[in-house]
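Residue numbers (our numbering): 222 to 753.
What follows is a single structure, written as structure tokens, with notes after it.
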Amino acid sequence: NCQENFKIYSGLNLPRPDTNSEAATKRLYYLRDPTYLKWSEWRIVRLRELWELWDVTMRNIKPESRFIPNGFPDRIVTGELSDIFFTDHQARRGLVAPYDNGRRAKELRATMGMKPLGGIFSIGTEEEYRWKDSVQNEAEIKIWVSECLANNMRPWWVKFGGIVYDKRWLPVVEDIYQFAFENEVYLRNTAPIANVAMVYSEQTNRRYGGEIWQEDFKQHADGMYHALIEARMPFEMVNDRLLDAEHLEPFQLLILPNIAALSDDQCAQLKAFTERGGSILATFETSLYDEKGVRRNDFGLSDVLGVSTSGKVEGPMKNSYLRLKADSDGKFHPVLEGLEDAYRMINGIHRVEVTPNTLFPSPITLIPTYPDLPMEHVYPRQPETDTRELYLRENGKSRIAYIPWDIDRAFWKILTVDHGQLLGNVIRWALNEQPVVEVDGVGVVDVTAWTQENSMTVHLVNLTNPMMLKGPFRELIPVGKQKVSVKLPAKVTVKSAKLLKAGTSVNYTINDDVLEAVVPSILDHEVVAIDF
């Protein structure tokens, strides 16, 4: 049946890749083979046809019923056809961070808007060996579900089989649902509060790769997401096929972590965003390829970024550095805050060679690769160059930051503090306005903010744990006081503020429409609720 349908659609036979090939060869086949590319296109069309067929058939029997697939052809189709969707992301496995549950919600919300999302969570272990009668410990379940609630998903627990061998999960799930029941009015969100968005691209995932510097390309997004978490920046996600003015209207800053494959129309939409006063942070090969994965002669966003390239990429670079320096007046650019005494820091692994098309400041320049062995040869051959490694432009309210090297992917691979600090600084500079929520304190805290009918909430999920990047959590480790500053909506009067997890009111002050309160501590999850 599939062979016949594909033949009717394309006039071709189904692709038959060599399953014995190396992974890199397979990737090139998936990117370049015209039959496979036509199959990839047909697959989405066919799955959409089946979804619509089954959904219409069910609605004809029972109008209020819906068909929901386990998975999705792509997120645009999911957003169009779903009235409700369930993220079958039951628990983490391997090197998955606990905030990945919230990330899945953000990606789906980018195409579904505020349609309801169910966050399916398993009480058991989700590793590859399929222990379906296992039970996770309390700390791991709670932190996974905290990310669910903090990102506007409704928790749906799942257990395989009806026999309860291990009862330890029962009071944990009871506590989760009791909290949701008691605070439901504060979980009925009407809209997220964020002026920053990170773009994600199914198009780039499908069409980009094959070169050595493009390996592990998904880690660009991983590193940028982690940097935003560490910067405690409330943010949403935007699908790169929804870059129209309506979808971008809530945001002042768009972050493009190596969104390499962009069409001419998508580039025009991003340029129009900057012309309306929006800001952009882009990295590495963003816009160097079209929507089919064909490399352009120059960046599609060259006029926005203010630089051009021949497409040459240097790397992998060993023992290369970045020179950090003050301007001619001895002042350091805001992107170097906290790094003023560093003098230099490590570079990334690959960099695109670019030529500036306009004037730029030079807070960060290149120290090229030099030998790392033998010891007597370890000294820079060029201690100073004029080659910028960060390009910063301003045009009214719009600010453009372009980083020509793989800072986001390198940050994910190495997690050096300097890369995280620099990314956070560049994000704050490019935003060019006060974040809607600022949280000062120790630890790693994921911050999200929401409006409800008569209130707003700030969720604080405590990810501070030695098992954050390789679970499961052994225990929940509390962090101390956090100062929360919230920019209030116009023309509202605050009636009260409370901490939902602690079950107490909280003292606050308001100055220039900014509410400030102190959260004494966070164990797993705290919610600051502000009633109007």
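All C-beta atoms in this analysis are idealised placements derived from N, C-alpha and C, irrespective of residue type, glycine included.
Exercise for review: Let me know the secondary structure DSSP gives GLN424 once reduced to three states.
Suggested key: As a working mapping, residue 424 is identified with position 203 in the sequence shown. Three-state result, GLN424: helix.
Point to revise | Close beta carbons around ASP519, own chain, < 7 Å, minus the five adjacent residues each side | key: Translated into positions along the sequence shown, residue 519 becomes position 298. For ASP519, where only same-chain residues beyond five positions count, the Cβ hits under 7 Å are SER529, THR530.
Exercise for review: Along the beta strand (DSSP E) that carries HIS680, what are the first and last residues, could you check?
Suggested key: For the purposes of this step, residue 680 is taken as residue 459 along the sequence shown, with counting starting at 1. Counting along the chain, the beta strand (DSSP E) containing HIS680 begins and ends at 676-683.
Practice item. Have a look at MET688, SER523, LEU271 and flag the residue whose alpha-carbon is nearest the alpha-carbon of LYS492. Key: Residue mapping note: residue 492 aligns to position 271 of the sequence shown, counting from 1. Closest option to LYS492, Cα to Cα, is SER523.
Point to revise | Paired residues, beta bridge with MET538 - DSSP | key: As a working mapping, residue 538 is identified with position 317 in the sequence shown. In DSSP, MET538 forms no bridge with anything.
Practice item. Identify, in the order they occur along the chain, each residue of the same chain with its Cβ nearer than 6 Å to the Cβ of ARG409, setting aside the five sequence neighbours on each side. Key: In the sequence shown, the residue the question calls residue 409 occupies position 188. Here the set comprises GLN673.
Check your understanding: Going along the chain, which unbroken runs of the alpha helix (DSSP H) with 4 or more residues stay wholly within the segment 379-412?
Key -> 390-403
Exercise for review: Give the single residue among ASN653, PHE456, GLY431, TYR429 whose Cα lies nearest to the Cα of VAL420.
Suggested key: As a position in the sequence shown, residue 420 is number 199, starting the count at 1. Here the closest residue by C-alpha is PHE456.
Point to revise | C-alpha distance - ILE362 paired with GLY345, whole-angstrom precision | key: Residue numbering aside, residue 362 sits at position 141 when the sequence shown is read from its first letter. Residue numbering aside, residue 345 sits at position 124 when the sequence shown is read from its first letter. C-alpha separation (whole angstroms): 9 Å.
Review point. What first and last residue would you give for the beta strand (DSSP E) that runs through HIS554?
Key: Start at 1 with the first residue of the sequence shown, and residue 554 comes out as number 333. Premise fails: HIS554 is in no beta strand (DSSP E) and is neither H nor E.
Review point. Are there three or more Cβ pairs, one per stretch, closer than 8 Å when the segment 641-653 is compared with the segment 675-689?
Key: no
Check your understanding: Under 8 Å, do ILE743 and VAL666 count as touching if we go by C-beta distance?
Key -> Here residue 743 refers to the residue found at position 522 of the sequence shown. Here residue 666 refers to the residue found at position 445 of the sequence shown. Their beta carbons are under 8 Å apart, which means ILE743 touches VAL666 by this criterion.
**Study point:** Cα-Cα separation between THR586 and GLU605, rounded to whole angstroms
**Key:** Taking the sequence shown and counting its residues from 1, the one referred to as residue 586 is at position 365. Taking the sequence shown and counting its residues from 1, the one referred to as residue 605 is at position 384. Rounded to the nearest angstrom, the two C-alpha atoms are 8 Å apart.
**Study point:** Inter-residue CB distance, GLY514 and LEU252 (contact presumed, cutoff 8 Å)
**Key:** Within the sequence shown, residue 514 is the residue found at index 293, counting from 1. Within the sequence shown, residue 252 is the residue found at index 31, counting from 1. Rounded, the Cβ-Cβ distance is 6 Å, consistent with contact.
Practice item. For the alpha helix (DSSP H) containing ARG695, list its first residue and its last residue. Key: Numbered from 1 along the sequence shown, position 474 holds the residue referred to as residue 695. Run containing ARG695: none; DSSP gives neither H nor E here.
Practice item. Apply the 10 Å Cβ neighbour rule to VAL705 and answer buried if 16 or more other Cβ atoms are within range, or exposed otherwise. Key: In the sequence shown, counting from the first residue as 1, residue 705 sits at position 484. Counting Cβ neighbours within 10 Å, VAL705 comes out buried, since at least 16 surround it.
Review point. Can you tell which of THR299, GLY340, GLY300 has its C-alpha closest to the C-alpha of ALA312?
Key: In the sequence shown, counting from the first residue as 1, residue 312 sits at position 91. If we check each option's Cα against that of ALA312, GLY340 comes out closest.
Exercise for review: Could you tell me the boundaries of the beta strand (DSSP E) in which PRO577 lies?
Suggested key: As a position in the sequence shown, residue 577 is number 356, starting the count at 1. 572-577 is the span of the beta strand (DSSP E), which, as asked, contains PRO577.
Point to revise | Presumed contact (8 Å Cβ cut-off) between ALA563 and ASP486, rounded CB distance | key: On the sequence shown, position 342 is the one that residue 563 refers to. On the sequence shown, position 265 is the one that residue 486 refers to. At roughly 41 Å, the Cβ-Cβ gap does not stay under 8 Å, so ALA563 and ASP486 are not in contact.
**Study point:** Boundaries (first-last residue) of the alpha helix (DSSP H) holding GLU301
**Key:** Here the question's residue 301 lines up with position 80 in the sequence shown. 296-302 is the extent of the alpha helix (DSSP H) around GLU301.
Review point. In three-state terms, what does DSSP make of GLY232?
Key: Working through the sequence shown from its first residue, we reach residue 232 at position 11. Note: GLY232 maps to coil in three-state DSSP.
Point to revise | Simplified DSSP assignment, three categories, for LYS708 | key: Locating residue 708 in the sequence shown gives position 487, counting from the first residue. In this structure, LYS708 counts as strand in the three-state DSSP scheme.
Review point. Can you round the beta-carbon distance between ARG517 and LEU545 to whole angstroms, since I take them to be within the 8 Å contact cut?
Key: On the sequence shown, position 296 is the one that residue 517 refers to. On the sequence shown, position 324 is the one that residue 545 refers to. Rounded, the Cβ-Cβ distance is 32 Å, inconsistent with contact.
Check your understanding: HIS598: buried (16+ other C-beta within 10 angstroms of its C-beta) or exposed?
Key -> Counted from its first residue, the sequence shown places residue 598 at position 377. Exposed, since its Cβ has fewer than 16 Cβ neighbours within 10 Å.
Exercise for review: Assign LEU526 to one of two classes, buried (16 or more other C-beta atoms within 10 Å of its C-beta) or exposed (fewer than that).
Suggested key: Locating residue 526 in the sequence shown gives position 305, counting from the first residue. Counting Cβ neighbours within 10 Å, LEU526 comes out buried, since at least 16 surround it.
Review point. Taking ARG630 as the reference, which of LEU709, PRO601, ASP443, GLU347 has the closest Cα?
Key: Residue mapping note: residue 630 aligns to position 409 of the sequence shown, counting from 1. Of LEU709, PRO601, ASP443, GLU347, the residue nearest in Cα terms is ASP443.
Point to revise | Cβ shell of ALA331 (< 6 Å), same chain only, five flanking positions each side left out | key: Working through the sequence shown from its first residue, we reach residue 331 at position 110. So the list reads MET458, VAL459, ASN460, once near-sequence residues are dropped.
Point to revise | Reference TRP671, options TRP365, ALA481, MET374, closest by Cα | key: As a working note, residue 671 is residue 450 in the sequence shown. Out of TRP365, ALA481, MET374, MET374 has the C-alpha closest to the C-alpha of TRP671.
Check your understanding: Who are GLN224's beta bridge partners in DSSP?
Key -> For the purposes of this step, residue 224 is identified with residue 3 of the sequence shown, where counting begins at 1. DSSP output for GLN224 lists no bridge partner at all.
Review point. ARG248 lies in the beta strand (DSSP E); which residues open and close that run?
Key: Residue 248 sits at position 27 when you count from the first residue of the sequence shown. Careful: ARG248 lies outside any beta strand (DSSP E), inside the alpha helix (DSSP H) at 244-253.
Check your understanding: Is the CB-CB distance between SER500 and LEU644 below 8 Å?
Key -> Reading the sequence shown from its first residue, position 279 is the one you call residue 500. Reading the sequence shown from its first residue, position 423 is the one you call residue 644. Cβ distance not < 8 Å, so SER500 and LEU644 don't count as in contact.
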